[in-house]
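In my numbering, the protein residues as written are 22 to 239.
Just so it is clear, CB atoms sit at the ideal spot from N, CA and C, and this is done for glycine as well.
From a predicted model like this one, the values you see are computed outputs, not experimental measurements.
Worksheet for the structure shown next.
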Amino acid sequence: MAHSEYDKLIDDLGVIRTAIEKSSGIFRFLRLSRAMGLVGLWSGLGIVVLSLAMYAIDIRYGGLVTAPALVRGLLYGLVGLFVLAVGIGKIMLVMAQAKKSYRDITVLRLINEVYTPQTLPILIPSAVALGGVFLFLVSRGLGVYIAPVMSILFGLVFLAFHNIFYLRSMLYSAAWMICAGVVLLFLAESAHVALGVAVTFGLGFMALYMGDRIGDKV
């Protein structure tokens with residue numbers, strides 16, 4: 022095959038890839054399972070540690086409100102640092118993986134690929150449902166059911182998005198959140214809220230990492 026034919030073949034493949042990107046996004050070409058697995062592991066471990074800390078504070082002081090101001094300040098500070106660290110770590114890991122396929126990709130383009138006409142019809146109703154259900158449970162004094170109900174809803178959202186981001190590990194996380202949430206619904210009145218959060222969301226996010234590990238072997 023002549024050199025010009027090779028060039029034409031490469032150009033044709035580029036056109037095909039561009040067409041696929043426009044129809045289904047760039048995530049089809051990115052292997053994000055390892056990056057998201059690490060994010061899930063860090064997030065899950067952080068949630069478990071913070072939940073156990075809140076449980077210990079509740080046992081020691083009878084609740085977060087009655088705890089000393091220093092203890093509350095330290096906890097709030099740790100939560101803030103945790104959220105910031107996970108957010109920055111997620112961006113860095115995903116960008117590092119994305120640059121393997123798209124050297125000129127930017128954070129802005131990656132964000133634009135997340136919020137597309139394909140994802141917004143799922144994102145917006147999901148956000149409304151999550152926020153609305155949370156406010157309903159709080160306003161009705163049903164706070165003990167927040168962890169299981171939100172876990173189930175998050176699991177359903179993960180199910181909806183796993184095909185968009187091509188992350189099979191999200192199936193494992195979704196399955197854990199839904200199943201653990203359903204079980205916790207029946208135990209919510211006797212189980213501590215912080216422990217419920219650790220079991221549902223903590224282990225649920227860690228399942229992203231386990232899903233990636235399992236995915237490498239099947």
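Whose C-beta lies closer than 7 Å to the C-beta of Arg93 among residues of the same chain, with five residues either side of it excluded? Start at 1 with the first residue of the sequence shown, and residue 93 comes out as number 72. Setting aside the 5 residues that flank it on each side, Arg93 is surrounded in the same chain by Leu85, each with a C-beta closer than 7 Å to its C-beta; the list follows chain order.
Comparing C-alpha positions only, which one of His183, Val220, Phe186 and Gly110 sits nearest to Cys200? Within the sequence shown, residue 200 is the residue found at index 179, counting from 1. Here the closest residue by C-alpha is Val220.
Cα-Cα separation between Arg145 and Leu151, rounded to whole angstroms: Numbered from 1 along the sequence shown, position 124 holds the residue referred to as residue 145. Numbered from 1 along the sequence shown, position 130 holds the residue referred to as residue 151. A small correction: the amino acid at residue 145 is Ile; Arg does not occupy that position in the sequence shown. C-alpha separation (whole angstroms): 10 Å.
CB-CB length for Gly67 against Phe103, believed under 8 Å: The count along the sequence shown starts at 1 and reaches residue 67 at position 46. The count along the sequence shown starts at 1 and reaches residue 103 at position 82. At roughly 5 Å, the Cβ-Cβ gap stays under 8 Å, so Gly67 and Phe103 are in contact.
Please look up how many angstroms separate the CB atoms of Phe155 and Ile167, rounded, as I've assumed it's under 8 Å. In the sequence shown, counting from the first residue as 1, residue 155 sits at position 134. In the sequence shown, counting from the first residue as 1, residue 167 sits at position 146. Phe155 to Ile167, Cβ: 7 Å. Contact.
Distance between Leu163 and Tyr187 (C-alpha atoms, nearest Å): Here residue 187 is taken as the residue at index 166 of the sequence shown, counted from 1. Here residue 163 is taken as the residue at index 142 of the sequence shown, counted from 1. Rounded to whole angstroms, the gap between the alpha carbons of Tyr187 and Leu163 is 36 Å.
According to the neighbour-count rule (16 or more other Cβ atoms, all chains shown, within 10 Å of its Cβ), is Met113 buried or exposed? If you number the sequence shown from 1, residue 113 lands on position 92. Under this definition Met113 is an exposed residue.
Alpha carbon to alpha carbon, how far is Val70 from Leu53? Here residue 70 is taken as the residue at index 49 of the sequence shown, counted from 1. Here residue 53 is taken as the residue at index 32 of the sequence shown, counted from 1. Approximately 26 Å, taken between the alpha carbons.
Whole-angstrom distance between Lys111 and Ser172, CA atom to CA atom: The count along the sequence shown starts at 1 and reaches residue 172 at position 151. The count along the sequence shown starts at 1 and reaches residue 111 at position 90. If I take the Cα positions, the gap works out to 21 Å.
Close beta carbons around Leu205, own chain, < 8 Å, minus the five adjacent residues each side: As a working note, residue 205 is residue 184 in the sequence shown. Ala168, Pro169, Ser172, Ala212, Gly217, Val220 and Thr221, listed in sequence order.
Output needed for Asp233: all residues of its chain with C-beta closer than 7 Å, excluding positions within five of it in sequence on either side, in chain order. Here residue 233 refers to the residue found at position 212 of the sequence shown. Short of 7 Å from the beta carbon of Asp233, and not among the five residues preceding or following it, lie these beta carbons of its own chain, in chain order: Ser54, Arg55, Gly58 and Ser190.
Asn184 to Val135, Cα distance in whole Å? On the sequence shown, residue 184 is found 163 positions in, with the first residue counted as 1. On the sequence shown, residue 135 is found 114 positions in, with the first residue counted as 1. Their Cα atoms are separated by approximately 13 Å.
Glu134 - containing alpha helix (DSSP H), residue span: Translated into the one-based positions of the sequence shown, residue 134 becomes position 113. Val128 to Val135 is the span of the alpha helix (DSSP H), which, as asked, contains Glu134.
Pair within 9 Å by beta-carbon distance, Thr140 and Phe182: As a working mapping, residue 140 is identified with position 119 in the sequence shown. As a working mapping, residue 182 is identified with position 161 in the sequence shown. Closer than 9 Å, so yes.
Outcome for Phe226 when other beta-carbon atoms lying within 10 angstroms are tallied against a minimum of 16: Translated into positions along the sequence shown, residue 226 becomes position 205. It is buried - the Cβ of Phe226 has at least 16 other Cβ atoms within 10 Å.
For Leu158, which residues from the same chain have a beta carbon less than 8 Å from its beta carbon, with the 5 sequence-adjacent residues on both sides left out? Counted from its first residue, the sequence shown places residue 158 at position 137. Gly164, Tyr166, Ile167 and Val170, listed in sequence order.
DSSP state of Val86 mapped onto helix, strand, coil: Taking the first residue of the sequence shown as 1, we reach residue 86 at position 65. Coil.
Roughly how many whole angstroms lie between the Cα atoms of Ala74 and Asp125? Stepping through the sequence shown from its first residue, residue 74 is reached at position 53. Stepping through the sequence shown from its first residue, residue 125 is reached at position 104. C-alpha of Ala74 to C-alpha of Asp125: approximately 42 Å in a straight line.
Does the Cβ of Ser122 have 16 or more other Cβ atoms within 10 Å, making it buried, or fewer, making it exposed? By one-based count along the sequence shown, residue 122 stands at place 101. Its Cβ having fewer than 16 others within 10 Å, Ser122 is exposed.
The alpha helix (DSSP H) spanning Leu177 covers which residue range? Residue mapping note: residue 177 aligns to position 156 of the sequence shown, counting from 1. Taken as a continuous stretch (DSSP letters only), the alpha helix (DSSP H) holding Leu177 covers Ile167 to Phe186.
Leu105 burial status per 10 Å Cβ neighbour count (16 or more: buried): Locating residue 105 in the sequence shown gives position 84, where the first residue counts as 1. Counting the other CB atoms within 10 Å of its CB gives Leu105 a total below 16, which places it among the exposed residues.
Can you tell me whether Ile78 is buried or exposed, with buried defined as 16 or more other CB within 10 angstroms of its CB? In the sequence shown, the residue the question calls residue 78 occupies position 57. By the neighbour-count rule (16 or more Cβ atoms within 10 Å), Ile78 is buried.
Nearest by alpha-carbon distance to Leu131: which of Val115, Pro138 and Gly98 is it? Here residue 131 corresponds to residue number 110 of the sequence shown, with the count starting at 1. Answer by Cα proximity: Val115.
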